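A.B. asks:
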Amino acid sequence: MISARNIEATSEPAWVRRIIIAVAIAFVGLFVVVPVAAVFGEALRAGLAAYGRAIVDPVALSAIKLTFVAAGIAVPLNVVFGIAASWAIARFKFPGRSVLITLIDLPLAVSPVIAGMVFVLLFGKQGLVGPWLSDHGIKVIFALPGIVLATTFVTFPFVARELIPLMEAQGAEEEEAAIVLGATGLQTFLRVTLPKIKWGLLYGIVLCTARAMGEFGAVSVVSGHIRGRTNTLPLHVEILYNEYEYQAAFAVASLLAILALASLVARRVIARRVETT
Amino acid sequence: MTIHPAMSTAHTPRPTAKATAGSGASGEAAPLIEVRGLTKRFGTFHALDDVSLSVPGGGLLALLGPSGSGKTTLLRILAGLEHPDSGSAMIDGTDLAAQSARQRNVGLVFQHYALFRHLDVYENIAFALRVRKRPAAEVDARVRELLALIQLESLGRRLPAQLSGGQRQRVALARALAARPRVLLLDEPFGALDAQVRAELRGWLRRLHDEIHLTTVFVTHDQDEAFEVADRVVVMNRGKIEQIGAPADVFEHPANDFVMRFLGHVNVLDAELLDGYAKIGDITIALGRGGADGEPPAPGPYRTAVTASVIAQGDVRSRVYVRPHDVDVARTATTGAFAAQVVRVTPLSGGLKIELAVPSIGSRMRADLDWERGSALGLRNGDDVFLSLRRARVFAQEAHTAAS
Amino acid sequence: MGYTLVYLSLLVLIPLATLVVMTARLSPGELWALAISERAMASYRVTFGASFIAALVNVVFGTLLAWALVRYRFVGRSLLDAIVDIPFALPTAVSGLALTAVLAPNGWIGRFLEPLGIKAVFTPLGITLALTFIGLPFVVRTVQPVLEELEPEIEEAAAVLGATRWQTLTRVIVPTMTPALLTGFALAFARAIGEYGSVVFISGNKQFETEITPLLIMTRLEQFDYAGATALGLVMLVVSFAMLLAINGLGAWARRRAGQT
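Protein sequences, first through last, are from chains G, Y and L.
If you read the first sequence in the working numbering, its first letter stands for residue 1, the second for the next number, and so on.
If you read the second sequence in the working numbering, its first letter stands for residue 1001, the second for the next number, and so on.
If you read the third sequence in the working numbering, its first letter stands for residue 2001, the second for the next number, and so on.
Printed below as a string of C-alpha cells:
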C-alpha cells in the first residue's frame, strides 16, 4: 500500500508544516539544547586550566570516589535482584506476583525526597531504630551506608523493568529444552538465559548506573552534606553553587553531563541490538 | 491424427478498449465515469500505463487483476488520493483534476474498513453529514435510513471494536453512502473477511446495487467475486487493461493469453503453428478463423489469423490453450480422439477434476467433468481413456508470457 | 526466589513500613493539622500549580514535537529525536544548575527576559520552566507510538467523506490520541510534583512563595521534625498513588479502545 502522506488530502499545507517544525525545534532548542550548552560553556569560561583545577580538587575527587563507590555497590545488587525477580516473574505464577510487579515500579512513582525520607525515618537520630544504632556506634544516615541504601532504592527498578518484558516475550522453551537435556539450573542460566537477555541486561545496567551516579534528591536527604565524606558528585555541585563557586560548579556538573550523554548514546546503540535479537 | 476442434483465434489487446453499452439496471447509456490515457508512475514502477475506461451511470464494474496490476491505483485516483502523471478522469462531466478528494463526493470503502474507532456506529455513518454541518434532524433521518439498509438498526451505539468483520464492512459501506455520493468505490472490500462472510456479503452487495442503482466500481483479485457481483469486468495486468466485457464474454472469449490464463483453469500446451494447423507433440489440429466476439467459430481447416509472414517462415512456436471443461473424456476412441491415462480423480464442489498423462503430447492435462458425466464414466486412477478437444485457442501475439 | 524476597523486604517493605509506623504515632488530628499548615498549603500551591502548568505546556508542545518527528522529514530529525531523551537522562542537579544559569538575569536566555521585566529565577515562573524541562520527554514518548500506528486509511477515509484537514485533525486524529495525551500529562505531572533537584536551584526556596513540598519535607527532616515531614510525605504519597492508578487506568482504557480490529 503506497503511503498517502504527500497527498494534499492527508497532509497539511507546506506553510503549516514549516511552522510546526520551527516551533518544535525552537522549543527543544530553548529548553534543552541551550541549558546543556550553557553547562559546558560556563564550565570552560575561565579556560581549560581552571576547568582542570576544579576537577582535580581533592574535595571533588573524593566526591567522584564516593559516587563511584555508591554506584559500584548499588548497581550489582540491583542487577542480581533484577535478574532474580524477572526470572521469577516471567517464568512462574505465584501468589503475590502482581503485588511484586507493582512494588518494583514503586520507587519510580515516589519523589526521591520521599525515598530518602523513609530511610531517615528508619535510621535517623529520632528514627525507629536510630537510638539503637547510635548506642552501638553504627552510622547509617549521614554516612556511606545511608547513601548506598538510598541509591539502591531509587535505582532498583531499572534492571528488572528491562528484563521482565524481554523474558516474557522470549518464552521458556529454550530453558526447558536445556533442563530436559540434563543441565542444572545454574548451567541453564549461564549458557541459555544469559546470552539471550544480554543486550536487555546491558541496557538496564547502563540506565541503572547513570541514574545511580546522578541521583540527587534521595541522597541529599540522607547524606548530611559532609564535605569530603558524604558528598557525591551531584551534592558537590550544589555545595559549590551555594558558595558562589559557579565556575567550579559547572565544571563538576559538566562531568555528570558527559556521563549522561555517554549513557544516552550507549543506550541508543544497545537498543538497536535489543531489537534485532 | 488430425483433430477439428472449434477454434478461434485472437486479436491483440487494444490499448484503448472502450466499453460496450452498459448493462446497468438503470439503463443509462451516457458514461458517468470517463477515464482517458491515465498514467501513473511510482519511481520506475508503472502502476498505470495509458489506461482508458468508461463506466455508464448505474453500472457495477469490477477491476480484476493480480497484485501490481494497477487496479487499486486507478481506484485511488478516482477517489482523489493519488494524482495521475498524465491523462484525465471525469465524473459526471467534471474534470477531477480540478477537485480535491473532499470535494468529489465519492464513496470509498477500504479493505480494512478504516472505521473511526473512537466513534460509535451511528457517528461513523453520520460523519460525512456532520462535516458538512447538516442539521441534526436531517442527519438522524439519513443515519436511520442507512442503518435499516444495512440491517444493523439495533447496533447504532456500538463501537467498531464490538462488531464482527462483516458488520464493520457494512457500517463502512453505510458511512460511504451517507452523503449520497454519485459514485461508490470499493477497494477489495471483502478481502479481510472469512470465506463464508465473504460469500454472504457478495450477494448482499449485488442485491444492494440492484436496489439503489448507484454507479459502483470495485477492485478485487478474486475472479469468482468479480464474476458474481459485477455487470462488467475489467481485466488488468501491469498497469494496462487487457480486456473489458461481461463476465461470460471475458471468460468465453478472452482477448489474449493473459486473460485466458488469469481467469479459471486452462491447459497450456506447447505447439508449433503451421499453415492451417497446430502441431502439439504428435497431435495435429486444424486451426479455424474465429468469428467476431460472441460468434462461435466455424469448424474446419481454415487459414489461421496468424500473420502471413509467420506462415511463410514455416513453424512458429506458440501455445494452444484448452479449458478443462472443453476436454472430452471417453472410454472408447472416436474420430480425432487421442490416448491418455488417468493420473488422479479429485472431487471438487462443481464436479470431477481429472488429471491425465498424455504421452503423445508429452505433458499432463486437466479435464473437468460434471457429476453426471463423471459418475457415468466411473473413472479410476490408472484407467486408459481417450480425449478429444471441443474447443481450443491460439493467440497470435503473446506479449504476456511471464504472466501468472 | 528467596533472595528476591529478602532483598525486597530489606530495601522496600521495611522502609515503607516505617512510614506507616511513624504515621501511626500521630493522631489523625495532629496529622491533619500538620498536613494543612499554612506553610504546607503554600507549598502545595506552588508544587501542584507549577506542575500542572508545566504538564499542560508539555502536552501542547510535546504533541507538536511528536507530530513533527513522526509525520515530517527534515534535516536534524533524528538528532531532535535523540535530544528529547536528555531531560530524562541528565542528573537533576545538572539540570537545575543549567536552567538557573540560563535564566539568570545575565544568563543566555535571561538577558532577553530582563528588559521585559520578566524575572525567572527565584519565582514560580522559574519553577514552572524547570518542571517543563523535566516533563518534556514524557508526553512526546507517550504520543509518538500512537501517531506512528495511526493508519493512513483513517485519514484518507475522513478526507473522502468530505472533511477538511482541520476537521480530520479535530474529529478523528485528536480523539484517537486522547488516551495517550492524558497518560502523558499524568506522567509528566506525577514526575513534576516529586521533582527536587532541578527545582531547588532556581526556586530560591522562599517560604510561602517558591518553596516546593519536597523541599519543605527536607527542611523538616533537617530540623528533626519527623512528624511534620511524615505528614507531608504522606500527602505526597497519596497523590503519587492516585496518579499511578490514574495512569494505569488510562493505559487500560486506551488498550480497550484500540481493541481488536
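Heads up, the beta-carbon is just placed ideally off N, CA and C, and yes, glycines get one too.
Everything numeric in this text was worked out from a predicted model, so none of it was measured.
Which one of G/Ile20, G/Ile55, G/Gly200 and G/Leu149 has the shortest CA to CA distance from serine 86 of chain G?
C.D. replies: Answer by Cα proximity: G/Gly200.
A.B. asks: What number of angstroms, rounded off, separates the C-alpha of alanine 260 of chain G from the C-alpha of alanine 2242 of chain L?
C.D. replies: The straight-line gap from Cα to Cα measures roughly 31 Å.
A.B. asks: Would you report the Cα separation of valine 1121 of chain Y and leucine 1146 of chain Y, rounded to the nearest angstrom?
C.D. replies: If I take the Cα positions, the gap works out to 11 Å.
A.B. asks: Runs of 4 residues minimum, wholly inside the region 211–264 of chain G: which ones carry the alpha helix (DSSP H) assignment?
C.D. replies: As far as the region 211–264 of chain G is concerned, its whole alpha helix (DSSP H) runs of at least 4 residues are 217–223 and 233–242.
A.B. asks: Assuming contact is defined by CB atoms lying nearer than 8 Å, are valine 1139 of chain Y and leucine 1155 of chain Y in contact in what I supplied?
C.D. replies: No, the Cβ-Cβ distance between valine 1139 of chain Y and leucine 1155 of chain Y is not below 8 Å.
A.B. asks: With distances taken from CA atoms, which of Y/Gln1099, Y/His1325, Y/Gln1341 and Y/Pro1254 is nearest threonine 1332 of chain Y?
C.D. replies: The residue with the shortest Cα to Cα distance from threonine 1332 of chain Y is Y/Gln1341.
A.B. asks: Helix, strand or coil, according to DSSP, for tyrosine 2196 of chain L in the structure here?
C.D. replies: Here tyrosine 2196 of chain L sits in coil by DSSP.
A.B. asks: Step through the CB atoms of chain G and report whether any lies within less than 8 Å of the CB of methionine 2041 of chain L.
C.D. replies: Methionine 2041 of chain L does not count as touching chain G.
A.B. asks: So, are the CB atoms of glycine 1080 of chain Y and arginine 1104 of chain Y less than 8 Å apart?
C.D. replies: The answer is yes: Cβ separation under 8 Å.
A.B. asks: Helix or strand or just coil, what does DSSP make of glutamate 1188 of chain Y?
C.D. replies: The answer is coil: DSSP assigns glutamate 1188 of chain Y none of H, G, I, E or B.
A.B. asks: Does the region 185–204 of chain G come into contact with the region 108–124 of chain G, if we say contact requires no fewer than three beta-carbon pairs (one atom in each stretch) closer than 8 Å?
C.D. replies: At 8 Å Cβ cutoff, the stretches do not touch.
A.B. asks: Looking at the unbroken alpha helix (DSSP H) that takes in histidine 1046 of chain Y, where does it start and where does it end?
C.D. replies: Looking at the DSSP string, histidine 1046 of chain Y is not in any alpha helix (DSSP H); the run it does join, the beta strand (DSSP E), is 1045–1056.
A.B. asks: Once the 5 residues before and after threonine 1334 of chain Y are set aside, which same chain residues still bring their CB inside 8 Å of it?
C.D. replies: These residues qualify, in order along the chain: Phe1386 and Ser1388.
A.B. asks: Cα-Cα, which of G/Ala266, G/Leu255, G/Gln247 and G/Phe123 is closest to alanine 2101 of chain L?
C.D. replies: When each option's Cα is compared against that of alanine 2101 of chain L, the closest is G/Gln247.
A.B. asks: From the DSSP secondary-structure annotation, give me the bridge partner or partners of isoleucine 1091 of chain Y.
C.D. replies: Note: isoleucine 1091 of chain Y sits in a beta bridge opposite Y/Ile1033 and Y/Thr1094.
A.B. asks: By the DSSP assignment, the beta strand (DSSP E) with glutamine 2144 of chain L in it spans what residues?
C.D. replies: From DSSP, glutamine 2144 of chain L is part of no beta strand (DSSP E) but of the alpha helix (DSSP H) over 2124–2149.
A.B. asks: Going by alpha carbons, who is nearest to methionine 2041 of chain L out of L/Ile2247, L/Glu2211, L/Ala2082 and L/Leu2250?
C.D. replies: Answer by Cα proximity: L/Glu2211.
A.B. asks: Taking 8 Å as the CB-CB cut-off, is alanine 260 of chain G touching chain L?
C.D. replies: At least one chain L Cβ lies under 8 Å of alanine 260 of chain G.
A.B. asks: Beta-carbon separation of histidine 1325 of chain Y and aspartate 1383 of chain Y under 8 Å?
C.D. replies: In this structure, aspartate 1383 of chain Y does not lie closer than 8 Å to histidine 1325 of chain Y by Cβ.
A.B. asks: Give the secondary structure of glycine 1107 of chain Y by DSSP, where H, G and I count as helix, E and B as strand, and everything else as coil.
C.D. replies: The answer is strand: DSSP assigns glycine 1107 of chain Y an E or B state.
A.B. asks: Distance, Cα to Cα, proline 1254 of chain Y vs glycine 1245 of chain Y?
C.D. replies: About 10 Å.
A.B. asks: Could one say the Cβ of proline 2087 of chain L lies closer than 8 Å to chain Y's Cβ atoms, at least one of them?
C.D. replies: It does not; no Cβ of chain Y falls within 8 Å.
A.B. asks: Would you list the residues sitting across from glutamine 1341 of chain Y in a DSSP beta bridge?
C.D. replies: Answer by DSSP bridge pairing, in chain order: Y/Ala1357 and Y/Asp1384.
A.B. asks: Residues of the region 117–135 of chain G with a CB closer than 8 Å to any CB of chain L: list them in chain order, please.
C.D. replies: Answer in chain order: Met117, Val118, Phe119, Val120, Leu121, Leu122, Gly124, Lys125, Gln126, Gly127 and Leu128.
A.B. asks: Counting only the same chain and skipping the five closest in sequence on each side, list residues whose C-beta sits under 7 Å from that of leucine 2079 of chain L.
C.D. replies: There are no such residues.
A.B. asks: When you check each C-beta in the region 2158–2182 of chain L against every C-beta of chain G, which residues fall closer than 7 Å?
C.D. replies: So the close ones are Ala2159 and Arg2165.
A.B. asks: In chain order, what residues of the region 102–116 of chain G put their CB closer than 7 Å to some CB of chain L?
C.D. replies: Residues passing the 7 Å Cβ filter: Leu103, Leu106, Ala109, Val110, Ser111, Pro112, Val113 and Ile114.
A.B. asks: Can we say the region 1151–1165 of chain Y touches the region 1175–1183 of chain Y, given the rule of at least three CB pairs closer than 8 Å?
C.D. replies: As far as the Cβ criterion goes, the region 1151–1165 of chain Y does not touch the region 1175–1183 of chain Y, which means the pair count is below three.
A.B. asks: Provide the residue(s) that pair with tyrosine 1321 of chain Y in DSSP beta bridges, ordered along the chain.
C.D. replies: According to DSSP, which records beta bridges pairwise, tyrosine 1321 of chain Y is partnered with Y/Val1268 and Y/Arg1393.
A.B. asks: Looking only at C-alpha atoms, which of Y/Leu1063, Y/Ala1097 and Y/Leu1108 sits nearest to phenylalanine 1227 of chain Y?
C.D. replies: Closest by alpha carbon: Y/Leu1063.
A.B. asks: Give the interface partners of serine 2095 of chain L over in chain G, defined as CB-CB distance under 8 Å, in chain order.
C.D. replies: The contacting residues are Pro35.
A.B. asks: Around the Cβ of threonine 2018 of chain L, are there at least 16 other Cβ atoms within 10 angstroms (buried) or fewer (exposed)?
C.D. replies: The residue is buried, with at least 16 neighbouring Cβ atoms inside 10 Å.
A.B. asks: Taking contact to mean 3 or more Cβ pairs, one atom from each stretch, closer than 8 Å, check whether the region 1092–1108 of chain Y and the region 1253–1267 of chain Y are in contact.
C.D. replies: Too few Cβ pairs lie closer than 8 Å, so no.
A.B. asks: For chain L, is any of its Cβ atoms less than 8 Å away from the one on valine 1197 of chain Y?
C.D. replies: It does not; no Cβ of chain L falls within 8 Å.
A.B. asks: Would you kindly report the start and end of the unbroken alpha helix (DSSP H) that includes phenylalanine 1218 of chain Y?
C.D. replies: Unbroken run through phenylalanine 1218 of chain Y is the beta strand (DSSP E), 1215–1220; no alpha helix (DSSP H).
A.B. asks: Identify each residue in the region 2228–2251 of chain L for which the Cβ-Cβ distance to at least one residue of chain G is less than 8 Å, and report them in chain order.
C.D. replies: Listed in sequence order: Ala2229, Thr2230, Gly2233, Met2236, Leu2237, Ser2240, Phe2241, Met2243 and Leu2244.
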